[in-house]
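**Student:** Let me give you the structure first, and then I'll get to my questions.
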Amino acid sequence: MVESEFAQLKERFDYLSARQSADHSAVNCPADKLVEFFTVLRDDLGYDLLVDVTAVDWDAQSPRFTGIYHLLSTTKHEYLRIAADCENDIKPSLPSLCGVFAAANWHERETYDLMGIHYDGHPDLRRILMWDEYPYHPLRKDFPLAGIEVPLPADDVAEATGVAVLPAPMMGGPFVSSADGPMSQTEPSARDESWTEQEEKPTE
Amino acid sequence: MATTTKEVSIGDLGARSSAHETELQGETMALNVGPSHPTTHGVLRLKMQLDGDVVKSCDPVLGYLHRGDEKIAENMTYNQFVPYTDRLDYLAPLANNVAYAMAVEKLAKLEVPERCEAIRVLCCELARVSSHLLGVGVYGMDAGAWTVFMYTFTEREKLYTLFEELTGARFTTSYTRIGGVARDIPDGWLGRVLEFCKGVLPVLDQVDKLLTRNRIFMDRTVGIGAISKEDAIAYGLTGPNLRACGIDLDLRKDKPYLGYEKFDFEVPVGTTGDCYDRYLMRAEEIRQSVSIIRQCIDQFPEGSYYAEDAKKIFAPQKAKVLTSMEELIQNFMIVTEGPQIPAGEVYFEAENPKGALGFFIVSKGGGVPYRLKIRGPSFCNLSILDKLIPGHYLTDITVILGSLDFVMGECDR
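Chains as they are written, first to last, in the working numbering: chain A, 1 to 204; chain B, 205 to 617.
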């Protein structure tokens, strides 16, 4: 099933390549062909529901960012995953699909907000979950879990109270683990730079 | 008795007010609703431009409940993330637990025993009943019918007692584990679920009598907030909101999981996609869920409530950990390293009460996901607001928002 679906697509679009997947059909598509490919998928092949748009940050690898799309056919009831690598690792960008699927609007805003991928041709590319002035893209792998200190979004409140948005305290938990590295680093433990086995807990 | 008539002229006053109105015509007023407002059912904020009573434009502002769940998921083992899924759609935590566990199990290519599947079906359907009871009750309240809320909340309370008995918590259930559920069902619990089913149907009839042919309710909802089939699909709506528009898409029927194909149930589909249709969908889905629950209990399988052969995924029984060396090591490895899930990419969607809740997981192997993306149905269902709301009267906004039945917990994540 998965094989034949890909063979059919490949016959029509020679720029596609197969993508490893643990479940649904999945293809890699060059970024500049996305709009054309999605229009055909929607109009001719029945993949009419854009269920999800997201991206993955591969950290040290290049290409560093991959945009991931999931489509569902409301008639065939099959999913299709499309992945598109961003050519530029520093300023990643992908074409916007807002013209093909209205649903892409908010999904692309979210991915731009959290992952920092610029969607060219998006009518209204603003942050959606973080506030407009927020300077970072928190889902990138180089952004720390605890967060980074930034000014409060409301200037007047910040001036009157002297309060800023602070990183979360990490001492004594939460117990966090990471996907990469040797077991000594991956096993769940409290992460706090100011309080380790070598250094004493700072006294107030 | 003689009557005297006195002539009063109001001409000037009337003329002045209409001249004043012409002057104001076309002038818009900015109106901000939320983020803390009873209409918005949470912390949604709407920035609107009004021309008189008519909304000209609407800009939804989200993010007031953003907690960075996806970032958190990348920093903990698979089982540690289960409690965070409670807080996505916090009106149906059991259904979220199940959807998450199934996504990870799909990546691990792990099959759970029949009994575990049956327990999970009960979890999903009870969560659906609970969520829709709230959805319908609060919706009635939004439209001005307070009484319905009292009836449905009494029933929902009984459900929460059942959840407490099953999971130990009323609200934040955290019931599933990768490869099974936390514990088996308590003795006599199935009987109490059946008792609840028996009690909830007459209440649904009451709600039906109070709302379905209620003149005021119909005046407020029929033809209001209608979404066309094309728009519903273009904006990626799912769940009852999509089906109200006349599109027959229910993942339980169309991409069956948990053995839903064994149950005999109907998927209600609407015609006009207006607020009234969305109410009808939810009311009928409660009845269908009750029917699924009864069928499930009728042939409740015996066996294990977790995958016994998944030694690297499901932590062993406490009693065995304390008495046997092998289980002790197994428990230690699962706690320190997390359930061992192979590398790969997987996307799984479950039909939750609010729509399709999806998890996209990228694993590089080991106990921690490399990337976990949550597709919250409320996020997609709300994305249609800036198209749907303009052109409606301000008073209709309450009803439209209520009929979409969203939860900001899964929208903002």
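The beta carbon of each residue, even a glycine, is placed where N, CA and C say it ideally should be.
Is the number of C-beta pairs between the segment 477-493 of chain B and the segment 408-426 of chain B that are closer than 8 Å three or more?
**Tutor:** At 8 Å Cβ cutoff, the stretches touch.
**Student:** Run the CB neighbour count on residue 148 of chain A, radius 10 Å, all protein chains shown included, and call it buried at 16 or more, exposed below.
**Tutor:** By one-based count along the first sequence, residue 148 of chain A stands at place 148. Per the 10 Å Cβ criterion, exposed.
**Student:** Under a Cβ-count criterion, where at least 16 other Cβ atoms within 10 Å of its own Cβ denotes burial, should residue 47 of chain A be classed as buried or exposed?
**Tutor:** For the purposes of this step, residue 47 of chain A is taken as the residue at position 47 of the first sequence. Looking at its Cβ environment, which holds 16 or more other Cβ atoms inside 10 Å, residue 47 of chain A is buried.
**Student:** Are the beta-carbon atoms belonging to residue 501 of chain B and residue 394 of chain B less than 7 Å from one another?
**Tutor:** Indexing the second sequence from 1 puts residue 501 of chain B at position 297. Indexing the second sequence from 1 puts residue 394 of chain B at position 190. Yes, the pair counts as a contact, with Cβ atoms nearer than the cut-off.
**Student:** Just to confirm the assignment, what range does the alpha helix (DSSP H) spanning residue 492 of chain B have?
**Tutor:** By 1-based counting over the second sequence, the position of residue 492 of chain B is 288. Its alpha helix (DSSP H) spans residues 479-502.
**Student:** Check for me: the beta strand (DSSP E) holding residue 237 of chain B runs from which residue to which?
**Tutor:** Position 33 of the second sequence, counted from the first residue, corresponds to residue 237 of chain B. 233-237 is the extent of the beta strand (DSSP E) around residue 237 of chain B.
**Student:** Assuming residue 429 of chain B and residue 592 of chain B form a contact by the criterion Cβ under 8 Å, report the distance between their Cβ atoms to the nearest whole angstrom.
**Tutor:** What you label residue 429 of chain B is simply residue 225 of the second sequence in a count that begins at 1. What you label residue 592 of chain B is simply residue 388 of the second sequence in a count that begins at 1. Yes, they are in contact, since the Cβ atoms of residue 429 of chain B and residue 592 of chain B sit about 6 Å apart, within 8 Å.
**Student:** Could you tell me whether the Cβ atoms of residue 204 of chain B and residue 613 of chain B are closer together than 7 Å?
**Tutor:** Residue 204 of chain B lies beyond the stretch modelled for chain B, which goes from 205 to 617, so this question has no answer here.
**Student:** Could you tell me which residues DSSP pairs with residue 150 of chain B in its beta bridges?
**Tutor:** This structure cannot settle anything about residue 150 of chain B, because the visible part of chain B is limited to 205 through 617.
**Student:** Using beta carbons (cut-off 7 Å, strictly below), is residue 115 of chain A in contact with chain B?
**Tutor:** Here residue 115 of chain A refers to the residue found at position 115 when the first sequence is read from its first residue. Cβ-Cβ to chain B under 7 Å: no for residue 115 of chain A.
**Student:** By DSSP's criteria, residue 567 of chain B is part of a beta bridge. Which residues make up the other side?
**Tutor:** One-based indexing of the second sequence puts residue 567 of chain B at position 363. According to DSSP, which records beta bridges pairwise, residue 567 of chain B is partnered with B:548.
**Student:** Which term fits residue 522 of chain B, buried or exposed, when burial requires 16 or more other beta carbons within 10 angstroms of its beta carbon?
**Tutor:** Here residue 522 of chain B refers to the residue found at position 318 when the second sequence is read from its first residue. By the neighbour-count rule (16 or more Cβ atoms within 10 Å), residue 522 of chain B is not buried but exposed.
**Student:** Could you round the C-beta distance between residue 303 of chain B and residue 334 of chain B to whole angstroms and report it? I think they count as a contact, below 8 Å.
**Tutor:** Working through the second sequence from its first residue, we reach residue 303 of chain B at position 99. Working through the second sequence from its first residue, we reach residue 334 of chain B at position 130. The pair is not a contact, with the Cβ atoms about 16 Å apart (cut-off 8 Å).
**Student:** Do you know how far the Cα of residue 566 of chain B is from the Cα of residue 382 of chain B?
**Tutor:** Looking up residue 382 of chain B in the second sequence gives position 178. Looking up residue 566 of chain B in the second sequence gives position 362. Roughly 16 Å separates the two Cα atoms.
**Student:** Going by other Cβ atoms of all chains shown within 10 Å of its Cβ, with 16 needed for buried, is residue 1 of chain A buried or exposed?
**Tutor:** Your numbering for residue 1 of chain A matches position 1 in the first sequence. The predicted model places residue 1 of chain A with a pLDDT of 44, which falls under 50 and marks its position as unreliable, so this point remains unresolved.
**Student:** CA-CA distance, residue 276 of chain B and residue 258 of chain B?
**Tutor:** On the second sequence, position 72 is the one that residue 276 of chain B refers to. On the second sequence, position 54 is the one that residue 258 of chain B refers to. Approximately 42 Å, taken between the alpha carbons.
**Student:** State the Cα-Cα distance for the pair residue 59 of chain A and residue 506 of chain B, rounded to the nearest angstrom.
**Tutor:** As a working note, residue 59 of chain A is residue 59 in the first sequence. As a working note, residue 506 of chain B is residue 302 in the second sequence. Using only the alpha carbons, I get a separation of about 47 Å.
**Student:** Mark residue 425 of chain B as exposed unless 16 or more other C-beta atoms lie within 10 angstroms of its C-beta, in which case mark it buried.
**Tutor:** Taking the first residue of the second sequence as 1, we reach residue 425 of chain B at position 221. Burial call: buried.
**Student:** Between residue 52 of chain A and chain B, is there a C-beta pair that is closer than 7 Å?
**Tutor:** The residue labelled residue 52 of chain A in the question sits at position 52 within the first sequence. With 7 Å as the cut-off, residue 52 of chain A counts as an interface residue toward chain B.
**Student:** Heavy atom of the ligand GTP less than 6 Å from the Cβ of residue 67 of chain A, yes or no?
**Tutor:** The ligand GTP is not part of the structure shown, which contains no ligands of any sort.
**Student:** Just to confirm, is the Cβ distance from residue 38 of chain A to residue 25 of chain A under 7 Å?
**Tutor:** Taking the first residue of the first sequence as position 1, residue 38 of chain A is located at position 38. Taking the first residue of the first sequence as position 1, residue 25 of chain A is located at position 25. Contact flag unset, no.
**Student:** What does a CB cutoff of less than 8 Å around residue 120 of chain A pick up in its chain, not counting 5 residues either side in sequence?
**Tutor:** Taking the first residue of the first sequence as position 1, residue 120 of chain A is located at position 120. Excluding residues within five positions, the ones whose Cβ falls inside 8 Å are 93, 94, 95 and 96.
**Student:** Counting only C-beta atoms, is residue 319 of chain B closer than 7 Å to chain A at any point?
**Tutor:** For the purposes of this step, residue 319 of chain B is identified with residue 115 of the second sequence, where counting begins at 1. No, no contact with chain A.
**Student:** Would you say residue 559 of chain B and residue 585 of chain B are within 7 Å of each other, going by their C-beta atoms?
**Tutor:** Counting from 1 along the second sequence, the entry for residue 559 of chain B is found at position 355. Counting from 1 along the second sequence, the entry for residue 585 of chain B is found at position 381. Closer than 7 Å, so yes.
**Student:** Is residue 104 of chain A near residue 163 of chain A, with beta carbons less than 7 Å apart?
**Tutor:** Here residue 104 of chain A is taken as the residue at index 104 of the first sequence, counted from 1. Here residue 163 of chain A is taken as the residue at index 163 of the first sequence, counted from 1. Cβ atoms of residue 104 of chain A and residue 163 of chain A: not closer than 7 Å.
**Student:** Could you list which residues in chain B have their beta carbon closer than 9 Å to that of residue 13 of chain A, in chain order?
**Tutor:** Within the first sequence, numbered from 1, the residue matching residue 13 of chain A stands at position 13. The contacting residues do not exist; residue 13 of chain A stays about 21 Å from chain B at best.
**Student:** What do you reckon, are the CB atoms on residue 177 of chain A and residue 289 of chain B nearer than 7 Å?
**Tutor:** Here residue 177 of chain A refers to the residue found at position 177 of the first sequence. Here residue 289 of chain B refers to the residue found at position 85 of the second sequence. Taking 7 Å as the Cβ cut-off, residue 177 of chain A and residue 289 of chain B do not qualify as a contacting pair.
**Student:** Quick one: which residues of the segment 154-171 of chain A get their C-beta closer than 7 Å to a C-beta of chain B? List them in chain order.
**Tutor:** Of all residues in the segment 154-171 of chain A, none has a Cβ within less than 7 Å of some Cβ in chain B.
**Student:** Looking at C-alpha atoms only, which residue of B:455, B:441 and B:336 is the closest neighbour of residue 449 of chain B?
**Tutor:** Here the question's residue 449 of chain B lines up with position 245 in the second sequence. Here the closest residue by C-alpha is B:441.
**Student:** Just by C-beta distance, which residues in the segment 61-95 of chain A are closer than 9 Å to chain B?
**Tutor:** Listed by position along the chain: 68, 70, 72, 74, 77, 78, 79, 81 and 83.
**Student:** Could you tell me which residues DSSP puts in a beta bridge with residue 253 of chain B?
**Tutor:** Counting from 1 along the second sequence, the entry for residue 253 of chain B is found at position 49. B:234 and B:261.
**Student:** In whole angstroms, what is the alpha-carbon distance linking residue 390 of chain B and residue 519 of chain B?
**Tutor:** Position 186 of the second sequence, counted from the first residue, corresponds to residue 390 of chain B. Position 315 of the second sequence, counted from the first residue, corresponds to residue 519 of chain B. If you take the alpha carbons of residue 390 of chain B and residue 519 of chain B, they lie about 20 Å apart.
**Student:** Quick one: is residue 62 of chain A buried, meaning 16 or more other Cβ sit within 10 Å of its Cβ, or exposed?
**Tutor:** Within the first sequence, numbered from 1, the residue matching residue 62 of chain A stands at position 62. Flag for residue 62 of chain A reads exposed.
**Student:** Taking C-beta pairs closer than 8 Å, name the residues in chain B that residue 128 of chain A reaches, listed in chain order.
**Tutor:** As a working mapping, residue 128 of chain A is identified with position 128 in the first sequence. Those within 8 Å of residue 128 of chain A in chain B are 266 and 267.
**Student:** Per DSSP, what kind of secondary structure is residue 554 of chain B in: helix, strand or coil?
**Tutor:** In the second sequence, counting from the first residue as 1, residue 554 of chain B sits at position 350. Of the three classes helix, strand and coil, the one that applies to residue 554 of chain B here is strand, per DSSP.
**Student:** Looking only at DSSP bridge pairs, what is residue 151 of chain A linked to?
**Tutor:** In the first sequence, the residue the question calls residue 151 of chain A occupies position 151. DSSP lists A:164 as partners of residue 151 of chain A.
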